[in-house]
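Scroll down for the structure; my scribbles are underneath it.
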Amino acid sequence: MTSVGTPVPRVDGLLKATGTARYTADIPFEDLTHAVLLQATIARGRIASIDASAAEAAPGVLLVLTHLNAPRLPRMRAFAKGGSAQQTVPALQDDRVRFAGETVAFVVAESQEQARYAAMLISVEYDEEPPAVGLHGDAYPPAKVNGQPPDYRRGDAERALADAAVTVERTYRTPVHHHNPIEPPVTIASWDDDGGLTVHEAAQGGVHMMRLGFAEALGIPRRKAGSIRVVSKFLGGGFGGKGFMWPRNILPAVAARLLGRPVKLELTRAQMYTSGGYRSETVQRLRLGADRDGRLGSIVHESTSTGSDMGEFPEPCAQITQMLYACPNVTGTHRLVRQNVGVPTFTRAPGEGPGSFALESALDELAGELSLDPLELRLRNYAETDPEHDRPWSSKGLRECYSEGAERFGWSARNPEPGSMRDGRWLVGYGMATAAYSSHTWPTFARVRIRADGTAVVRCATTDIGTGTYTVMAQVAADALGVRPGDVTFEAGDTRYPFAFPPVSSSGARSIGPAVRAAALAVRTRVARLAVKDRESPLFGADAATVRAIGGGRLARADDPERYDTFVDVLERAGLGHVEERKGYGVMPFLHSTASGIAPWPVGPLLRVATRPFAGRYSTYDFGAQFVEVRVDPDLGVVRVSRVVGVYDIGRVLNPRTARNQAVGGITWGIGMALMERTTTHPRLGKYTSPNLSGYLLPTNADVPDIDVHFLDRPDPLVNPLGVKGVGELPVVGVAAAIANAVHHATGKRVRSLPIGPAELLG
Amino acid sequence: MDFLRPNTFAEALALKAEQPDAVPIAGGTDVMVELNFDHRRPPALLDLTRIAELREWSAVDGKLRVGSGVPYARIIEQLGGQLPGLAMASRTVGSPQIRNRGTVGGNLGAASPAGDTHPVLLAGDAVIEAASARGTRMIPAAEFYLGVKRNALEPDELIAAVHLNAAPGPEQFAKVGTRNAMVIAVCSFAIALHPAEKRVGAAVGSAAPTPRHATAAEEFLAGELDWDAPKPLLDSVKRRFGELVAEAASPIDDVRGSAAYRKHALAVLARRTLGWAWQDHLGKETRECA
Amino acid sequence: MIEVVPSEGGVVPAAVEVGLVVNGEARRLVVEPRVTLLDALRERLGLTGAKKGCDHGECGACTVLVDDRRIYSCTTLAVMQEGRRVTTVEGLGTPESPHPVQAAFVEHDGMQCGMCTPGQVVSAVALIAEGHAGSEDEIREWMSGNLCRCAAYPGIVAAVRAAAGGAS
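Chains as they are written, first to last, in my numbering: chain A, 15 to 777; chain B, 149 to 438; chain C, 47 to 214.
So this is what it looks like as structure tokens:
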């Protein structure tokens, strides 16, 4: 009986459903003080004067930090250069205003109401300068895009385009997106008498990564970084928005050190829009060249996104184009245009999300030019091997995803003529798109302890962002140990536990899983070694390496399963309270030597290596096919998604219940991206015009139709011992394009700018 | 910030007279948003939730008086038969949680051009009962909305109630939103038929600085409809009605939609709701004859 | 009697005493009038089940029952609920003895990160009592006052359906 692969209910489900799970903001603290940010109301200029005297005199106020009195803070090392920050410029260091929403004062008081009130009393006068807004200025190449050069070339795409029988040249646009987890970011920092710092943080950024960031920001030498503890047990959603160190993470620790009291900073929803990154708007020019049979001869994908003086994160839109189809001539370029807005960052399905909207829309347009079924066009360009790196895939079930998806959806019923299908007054459209995502394996360690009562505890410093890590990792450990998942507790979110990379880029299952499995097997082997040397054990004299787990915490001889010992008995006879082992996975060799939990942070090299796994012998991607049905009110232009079928090759499915939930969530992100999500910026002032949830629309329950999720559930034999790839981001990819394609099929109208609002559709 | 807690409406009016800049709060669904975000910090809040009389409604001779503190949820549950248009509009307000707290009085007090009940109140000839320590006056809905978030209340006045006739004929309300629930209207439209008076009420929301009557459309339609011998409507009549409704709007481009789209959509909503309302009327006539 | 709570020094409102019946228990607390019901529950009474997602009445994470009706506790003041019965997610059940709706949310995996879950659960309890669990579409519409960014919506609908079926 194995647990992996079965739909074990979420082990923390009841804690969450009863309100018992403590999120960072819920943690009670003695002597707590409350902080509030005051943010710049202009996008560019200088603070001419700032008067905090009234705030300082207000009841309950303990501290007001401005650039006039804040401690000096260092510029942070960028994530792309091995650091922990996206925005490298610290807060409150000078009178410059670089974007609307930059912190200009930090107020601490006895209560949050007092701090909020005091912040209102601070008067700031600005010398305004006209901000750079929009992707209109001069474009420049970024240093790196996801660790790779900004430009990619194979063959000669321009020449092939000129020679192509059929070409499509289109420009696609996607707007600014915000992660908008339901939990706004929150930090509680407290110093102890020995100079140790404890930070409770809603941290998708990974507790170990944040520890190093705090050490850097606060001038604590790396060798003393162990005095910093970062804790993040329950996280109310991340999606990339709580990754990395931002100025808001650092200021509470700075203030707490000055005050000698714990400081809590809870951002408002509006402040969240400017304090932790966002997905840049993009302009993407796609040029496709094909022969009359639809075989692609050339693709040029040129993407432009937002640049900043404070840090650099190019939205890596073109990278999916480089690997997805068998096309001999491909050019992908990334450019930035500097704007007076904050630094963009990773947002669920970075690159592939907006990139696939452009690529998969353009393919649909090509299919139209050729009068070819859009699915058939994909099949004619199916890449049997990775065309980007010219090597085999570790696994690729995309062909089966297409056929299974088409079957489940009823794709064959599609009348190719746009506007030909109706249901009453509604126009009906079918659309499809390919999904692919480069999920990663990051270095992760786990420690597994078998206790005297035969139960086990697994510790790993990852954080569970809601994906089900607490549940799934207990399943993985249970199978490796030969116990029930209920006998295993997975503990996470604490720098006291073994090092883990942040749970980003769909890496959780494929990074943590193998580490947990390796540590569990190692500790099981240790128990076996104890038994085979113990004359009282039925296993005495056996070869420890061949002893098998037969379930129920029992270890049996390979040659005779009737002769077995138990964890409980072995430990009792050995007089041990517990035994434990720690193992790592996905770790670079040079990390081994310093894997003490405060490993150095060689992120740059890791990025390069992890995208080229298996020493460059195979390429690993998650694949899928998205099929969508929409209904369009032809008079009002209102679009409703009425059906979605998603079929995915994510390798082995560890827990179908939690995996399905994530897939549904990803598809819903795609629906939001297609039809409603957008942060608007004032074209002259450079400020977000509606940083709230009535301006930035998220899909509600009533916007999510029947969603049919199917996994091929085929272990990838090469990617890792569990055979698992990634599920978190793949289901987002292609959905927006599939919806746009379906809208075109329903109406004959092609919308190339997201979101597809009624006005855009009718205009 | 003072916090004023009257137990009776008379006490509330006395307090409002003393402190005209006190902001009345009942459901809180609008006022609290401003407060929580420090958009405004009024010198005083006037809590109306203790005043039982504001939460009552009554019907006398087909005339309804709906207290300004009656939440949308009760309008939907208790008044759907008599005030179908108001109930329909209330049903589209925010979410169930907001409808349990939010009130028509609050919608009127805020006077947002996007308030969902305004077009219905206009089309149904609602009269707003404004009270102050000086006395009470009745303000027709058409005279109530003065500008974006501005209404005809004097500083010392509070909204006591809204007066409406039990719908004398079919009423319809429709709005366009960007998602299926929890939406602020891109634009909205209400129609009320008054067969006895051979008159039509029609009004637009979220399409001008204030909600407003589509007067030309009302007059056109009243002349076109054959009230005494009702028969199915000509498409040309629906189309012209829609055009006149769109002409009544003076919308702007904003994040929710363009001015051009709003005009287009209003014409569509007007045609559709007219079709439904007239169908209702035809059905009623047929039943009465049979 | 008119009760006027003046501000002190013209700026900071003075505190007032409020009586609430919270999860069946009479509680008295002293709060500034500008304290929301949500903050009173979380900061003064230690009931952190209701969450602050937007403080704006737009996300639903703060949903509680007041006199058995669901409302957003972030857009009402604690003092305005004087004498009323407030039920939070903690008042419905515990991990040891969950409410049927809470158990159904786990069984149907109507959650991921869990931040919106307490609000969803409270909303679902009210929805079932209101009689709005007749079909999946009806549940979708009447659960739309509670956003879930993880979008565990199909699980939520299944949980409400199951719990409503079990209750009838």
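We treat Cβ as the ideally placed atom computed from N, Cα and C, and that holds for glycine.
Backbone secondary structure at residue i - three-state DSSP
i: K30 (chain A); result: helix
i: L35 (chain C); result: Absent from the structure is residue 35 (chain C), since the part of chain C shown begins at 47 and ends at 214.
i: H429 (chain B); result: helix
i: A798 (chain A); result: Residue 798 (chain A) is absent from the model: chain A starts at 15 and stops at 777.
i: S119 (chain C); result: helix
i: H150 (chain A); result: coil
i: G500 (chain A); result: helix
i: T133 (chain C); result: strand
i: M286 (chain B); result: strand
i: K763 (chain A); result: coil
i: C335 (chain B); result: strand
i: T347 (chain A); result: strand
i: G684 (chain A); result: helix
i: G382 (chain A); result: helix
Neighbour-count burial assignment, residue i, 16 or more Cβ in a 10 Å radius
i: I400 (chain B); result: exposed
i: M15 (chain A); result: exposed
i: G555 (chain A); result: exposed
i: F515 (chain A); result: buried
i: A216 (chain A); result: buried
i: R282 (chain B); result: exposed
i: T672 (chain A); result: buried
i: N155 (chain B); result: exposed
Rounded Cβ spacing between residue i and residue j (contact assumed at less than 8 angstroms)
i: T477 (chain A); j: Q218 (chain A); result: 6 angstroms
i: R728 (chain A); j: S409 (chain A); result: 7 angstroms
i: F637 (chain A); j: A752 (chain A); result: No, F637 (chain A) and A752 (chain A) are not in contact; Cβ-Cβ is about 15 angstroms, not under 8 angstroms.
i: A351 (chain B); j: L270 (chain B); result: 4 angstroms
i: A150 (chain C); j: A72 (chain C); result: No, A150 (chain C) and A72 (chain C) are not in contact; Cβ-Cβ is about 31 angstroms, not under 8 angstroms.
i: G527 (chain A); j: V738 (chain A); result: 6 angstroms
i: R786 (chain A); j: R766 (chain A); result: No statement about residue 786 (chain A) is possible, as the shown extent of chain A runs from 15 to 777 and does not include it.
Closer than 7 angstroms at the beta carbon, the chain E residues around residue i
i: A329 (chain B); result: The structure shown has no chain E; the protein chains it does contain are A, B and C.
Cutoff 9 angstroms: residue i Cβ touching any chain A Cβ
i: T326 (chain B); result: yes
i: I332 (chain B); result: yes
i: Y220 (chain B); result: no
i: R107 (chain B); result: The structure shown has nothing for residue 107 (chain B), since chain B only spans 149 to 438.
Residue i at chain C interface by Cβ criterion, 9 angstroms
i: V502 (chain A); result: no
i: P399 (chain B); result: no
i: D195 (chain B); result: yes
i: S708 (chain A); result: yes
i: Y37 (chain A); result: yes
i: Y173 (chain B); result: The identity of residue 173 (chain B) in the sequence shown is Ile, whereas the question assumes Tyr. Yes, I173 (chain B) counts as interfacial toward chain C.
i: L183 (chain B); result: yes
i: F151 (chain B); result: yes
i: M286 (chain B); result: no
i: L82 (chain A); result: no
CB contact below 9 angstroms: residue i versus chain B
i: T714 (chain A); result: yes
i: Y131 (chain A); result: yes
i: R195 (chain C); result: no
i: M134 (chain A); result: yes
i: C162 (chain C); result: no
(request) Anything in the region 95-118 of chain C with a Cβ closer than 7 angstroms to a Cβ of chain B? List those residues in chain order, please. (result) D101, H102, G103, G106, T109, R115, R116, I117, Y118
(message) Please identify, using Cβ separations under 8 angstroms, the residues of the region 225-259 of chain B that lie next to chain A, in order along the chain.
(response) none
(request) With 7 angstroms as the limit, tell me which residues of the region 458-471 of chain A have their beta carbon closer than that to any beta carbon of chain B; keep them in chain order. (result) none
(request) Report the residues of the region 138-150 of chain C with a CB closer than 7 angstroms to any CB of chain A, ordered along the chain. (result) G139, T140, P141, P144, Q148
(request) Select from the region 224-252 of chain A all residues with a C-beta closer than 7 angstroms to any C-beta belonging to chain C, and list them in chain order. (result) F248, L249, G250, G251
(message) Give me the subset of the region 472-497 of chain A whose CB atoms are less than 9 angstroms from a CB atom of chain C, sorted by chain position.
(response) D478, I479, G480, T481, G482
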